[in-house]
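The block underneath contains the structure these notes are about, expressed in structure tokens.
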Amino acid sequence: FDLIVSNNGINNVDNLENAIKEASRVAKIGSEFIFTFNLYDTYKEFYSIFNKVLKDNNLIEEVNKVEEHRRIKRKEVDEYKKLLTKYNFEILTIDNGFFYMSYKNEKAFFEHYFIKKYFLPEWKNIIPPDKQNCIIEQLKNELHTKSKEKFLKFGVPFVCISSKRT
């Protein structure tokens, strides 16, 4: 390939190293690999509320699991840089960006396709089974209260890396 582009896809693969290794394998020498990925602070406003609900219920170990979930989902820029270098990509630029995702209320948030399909199941796995319904309801109530201010707004910091296959 002469060009490989991934908009927030590379950070959702099961094995980041294998994905970059495969990109290197299929990329022609001199071709570009450009991709974006979200950073650790993505939706930090939501995670602050989630952690508060967990702490209010004395689920401290689960707070640590939430943070681990975030670290697994949102790798550091340095990890991408190391893998790109390892698999013969020269980094041309690293640009930072930021946007907000907004939801009318907690219902719109929990009905969003990506939340429902990819995040909610993982969040539920963090919560002890006998407390899942209670915690999710409390979380919805907290989000409902927050949405009364205007709407729910969660920040998404991201990075765009442009690289060249050497």
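With the first letter of the sequence shown counted as 1, position 155 gets the number 1005 in this note's numbering; the numbers rise by one all the way through. All residues carry an ideal CB built from backbone N, CA and C; glycine is no exception. Note that this is a predicted model, so its numbers are computed, not measured.
Run of the beta strand (DSSP E) containing S1012, from where it starts to where it stops: L1002 to R1015
Nearest neighbour of A873, chosen from Y890, V855, L889 and N862 [CA to CA]: V855
Give the straight-line distance between the Cα atoms of S1012 and T995, rounded to the nearest whole angstrom. 41 Å
Boundaries (first-last residue) of the alpha helix (DSSP H) holding L909: Looking at the DSSP string, L909 is not in any alpha helix (DSSP H), and its letter there is neither H nor E.
Runs of alpha helix (DSSP H) lying entirely within the region 874–906, each at least 4 residues, in chain order: 894–906
What residues match up with L853 in a beta bridge as DSSP calls it? E882
Please say whether V903 and V985 have beta carbons closer to each other than 8 Å? Before going on, a small fix: residue 985 reads as Ile here, not Val. Yes; because the gap between Cβ atoms is below 8 Å, this pair is in contact.
Which residues in the same chain have their Cβ closer than 8 Å to the Cβ of E912, if we skip the five residues on either side of it in sequence? L904, I976, I977 and P978
Which same chain residues, not among the five before or five after K1003, have their C-beta less than 6 Å away from its C-beta? Y950 and S952
How far does the alpha helix (DSSP H) with N850 in it reach, from first residue to last? Residue 850 cannot be examined here, being either before or after the span of the chain that is shown, 851 to 1016.
Where the alpha helix (DSSP H) through Y930 begins and ends: V927 to K936
CB-CB under 7 Å to N857, same chain, minus the five flanking residues each way: which ones, in chain order? T886
Buried versus exposed call for F883 [16 or more other C-beta atoms within 10 Å across all chains shown]: buried
Per-residue burial, L853 [other beta carbons within 10 Å of its own, 16 or more giving buried]: exposed
Considering only C-alpha positions, which residue in the set A877, E992, D980 and G947 is nearest to V1006? G947
For N946, three-class secondary structure by DSSP: strand
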